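Step one of this worksheet: look at the structure below.
Residue numbers (the working numbering): 50 to 141.
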């Protein structure tokens, strides 16, 4: 494994543990794909730093456990915004 991949993996892992941000947000902030973030944090990190991998796994498992709630919230927000824009158009 290349050194830059190891360094990126460790930086992402520490960032996840510190901020508790999602894989999608981490990918955007680091300029890589969600697949890369996931592979780095679940596969590569285990061989580089097992202790840090356990901490990251805890955060990722938490995000996985609440993803159905986040999805429902996003849908509700979408439809509320759609309803508000329709009401605005009707009042004009």
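For each residue, glycine too, the CB sits at the ideal point set by N, CA and C.
Please read all numbers here as calculations on a predicted model, not as lab measurements.
- A residue is called buried once 16 or more other Cβ atoms fall within 10 Å of its Cβ, and residue 140, having fewer, is exposed.
- The C-beta distance from residue 101 to residue 94 rounds to 6 Å, short enough to meet the 8 Å contact threshold.
- At a Cβ-Cβ threshold of 8 Å, residue 66 and residue 105 count as neighbours.
- Sequence-distant partners of residue 75 (beyond 5 residues in either direction) whose C-beta falls short of 7 Å from its own C-beta, in its chain, are 61, 64, 65 and 86.
- Collapsing the DSSP output to three states places residue 63 in a helix.
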